[in-house]
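Heads up, the thing below is written out as structure tokens.
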Amino acid sequence: MAEIRVEKLEKAFGDFVAVRGVNFTIPDGAFFCLLGPSGCGKTTTLRMIAGLELPSSGRIFLGGEDVAFKRASERDIAFVFQLFALYPHMNVRRNIGFPLLCQGVPSSEIKTRVEETAKLLRIDHLLDKSVSGLAGGDRQRVALGRAIVRRPLAFLMDEPLGTLDTEFRDLMCEELRHLHDRIKATTVYVTHDQLEAMSMADLIAIMNNGVVEQLGTPQEIYDRPATLFVADFVGSPAMNLIPVADRLSKGAEALTLSGARIAIPEMREDAPGEALVLGARPEHIRFDDASGYRGEIFGTEYLGTMQIVTVKTVGASVKVKVPASINVTAGEQVGLAFLGDRLSLFDKGTGRALRSALHDGAHHG
Ligand SMILES: Nc1ncnc2c1ncn2[C@@H]1O[C@H](COP(=O)(O)OP(=O)(O)OP(=O)(O)O)[C@@H](O)[C@H]1O
Ligand SMILES: [Mg+2]
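End of the sequence shown sits at 558 in our numbering; the numbers just go up one at a time, nothing left out.
See below:
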């Protein structure tokens with residue numbers, strides 16, 4: 194298996210730059226997600242790694258070797274376009290072994306490798322069955338088997354679960370992750386679904402308009418979003434982003450919202466921009482009658498043991514995640530308190546997170 198590294202990767206289609214200055218290193222054996230909205234450049238980036246698209250500039254290393262100008266067939270990579278198309282007239286064994294047959298691998302070796310692969314996927318008892326009679330989950334495993342039987346240096350997957358319904362997607366996410374844990378193949382997985390990325394990835398690159406906005410573990414991205422875009426894109430419900438009127442200078446330990454004092458991590462330098470945005474996740478806000486930051490309860494959405502309560506304050510609509518056991522009534526006035534050490538602050542002009550206590554942790558890229 195192999196590390197994948199891209200440096201200053203760019204791709205222009207005519208005047209339009211689809212991917213600009215992308216850098217990342219995917220450690221050997223990591224499950225890496227390229228996450229972002231439609232059109233942000235995920236597929237283009239993946240296709241360049243695969244060798245299906247030539248970069249306009251930049252470098253791509255696979256296992257330390259510069260492959261940017263090598264053809265797809267010369268890169269030992271499996272590109273999984275569509276996990277789910279099987280050959281209906283072939284049995285399970287022949288479906289899994291087909292890529293090896295195409296490569297001209299001797300039949301005794303095909304037999305051994307197909308059987309190993311089937312064992313790994315726990316479908317070895319189905320090898321001589323017809324694929325048309327299989328249950329859905331087993332069909333997906335056969336398709337996965339066909340992708341992994343070649344044992345490439347890396348797997349590239351472009352929204353492989355895209356067409357599945359939610360319940361089945363969740364199952365396949367688990368299946369893919371378990372498979373990855375067993376074979377430890379470097380995997381680049383493209384998705385626009387933040388829940389999929391957060392639940393599967395070791396490392397995520399969040400793309401927007403052709404650039405990587407943040408590179409980090411799911412937890413780093415959730416706890417310390419580097420930009421307003423990331424803060425808004427990851428998390429469900431999304432982080433509350435509340436406009437702040439104050440200009441904060443070095444040493445500031447609080448800001449004011451509608452006249453109320455809100456404690457924040459100490460500012461290490463002057464806030465660069467005029468306008469700031471306070472970021473607070475719904476689970477980092479609670480009801481507190483003593484708080485001067487007040488609003489009116491607009492509605493609530495029950496999630497079993499928890500509920501998401503929407504509170505209208507002056508200039509913002511704030512979502513608060515609290516236990517479902519707390520009684521709330523629409524129209525009621527409440528005070529809101531923030532967990533100071535979990536707050537983020539952004540420069541509205543650049544969209545960048547400002548340095549604060551939350552940002553003292555490890556940084557990537
Ligand atoms: N061959 C091409 N010629 C011109 N423009 C292209 C070409 N391929 C992609 N683009 C443009 O580049 C941008 C990025 O496309 P890309 O397919 O990489 O996005 P994506 O992140 O995979 O989006 P999606 O989630 O919709 O699949 C888009 O604006 C797309 O229209
Ligand atoms: Mg795409």
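Yeah, the Cβ is synthetic: ideal placement off N, Cα and C, and Gly gets one too.
CA nearest to the CA of residue i, picked from the options
i    : options                : result
G428 : G542, P418, G533       : P418
I175 : A390, I399, A347, R362 : With the chain covering 194 to 558 only, the question about residue 175 has no answer from this structure.
M391 : L314, T379, P411       : P411
K512 : K312, H385, P430, G229 : P430
E406 : V423, D416, E413       : V423
G528 : E302, F480, N520       : F480
V543 : L469, T310, H371       : Going by the sequence as given, residue 543 is Thr instead of Val. Ranking L469, T310, H371 by Cα distance to T543 puts L469 first.
Close beta carbons around residue i, own chain, < 7 angstroms, minus the five adjacent residues each side
i    : result
L364 : G330
V383 : L227, K235, T236, L239, M350, D351, E352
A577 : Any question about residue 577 goes unanswered here, given that the chain covers just 194 to 558.
A447 : R454, I455, A456, I457
K541 : G466, A468, L469, V470
Neighbourhood of residue i by C-beta, 6 angstroms cutoff - its chain only, sequence neighbours within 5 removed
i    : result
R198 : T218, F254
I435 : L471, A509
A473 : N433, F531, L536
Beta bridge counterpart(s) of residue i as assigned by DSSP
i    : result
A453 : L450
L228 : T384, I399
E537 : Note on residue identity: the sequence assigns Ser, not Glu, to residue 537. Paired residues: G472.
P436 : V470
F254 : R198, D259
R545 : T420
Cut-off 8 angstroms between Cβ atoms - residues of its own chain near residue i, not counting five sequence neighbours on either side
i    : result
F291 : Y280, M283, R339
V260 : G244, I253, F254, E267, R268
A193 : What is shown of the chain runs 194 to 558, which leaves residue 193 out entirely.
A453 : S484, G485, Y486, R487
D208 : none
R343 : A271, P292, L293, Q296
Cβ of residue i within 9 angstroms of any chain C Cβ
i    : result
D540 : Absent from the structure: chain C. Only one protein chain is present.
Distance, residue j Cα to residue i Cα
i    : j    : result
I289 : V273 : 14 angstroms
L354 : E389 : 10 angstroms
K514 : G533 : 16 angstroms
A550 : E308 : A caution first: A550 carries a pLDDT of 49, below 50, which makes its placement in the model unreliable, though a value can still be read off. About 53 angstroms.
R535 : H477 : 7 angstroms
E489 : T506 : 7 angstroms
G214 : F225 : 18 angstroms
L538 : A546 : 6 angstroms
A555 : A398 : Low local confidence applies: a pLDDT of 40 at A555 is under 50, so the model's placement there is unreliable, with the coordinate-based value given in what follows. Answer to the nearest angstrom: the Cα atoms are 15 angstroms apart.
I519 : D416 : 26 angstroms
F206 : I242 : 17 angstroms
V335 : T449 : 58 angstroms
G229 : S451 : 34 angstroms
Distance cut-off 8 angstroms: residue i Cβ against heavy atoms of ligand 4
i    : result
T543 : This structure does not include ligand 4; its bound ligands are ligand 1 and ligand 2.
Can at least three beta-carbon pairs, one atom from the stretch 452 to 469 and one from the stretch 491 to 499, be found at a separation below 8 angstroms? The stretch 452 to 469 is not in contact with the stretch 491 to 499.
Taking contact to mean at least 3 C-beta pairs separated by less than 8 angstroms, is the stretch 294 to 302 in contact with the stretch 316 to 332? No, the stretch 294 to 302 is not in contact with the stretch 316 to 332.
Inspect the CB distances between the stretch 394 to 404 and the stretch 515 to 533 and report whether three or more fall short of 8 angstroms. At 8 angstroms Cβ cutoff, the stretches do not touch.
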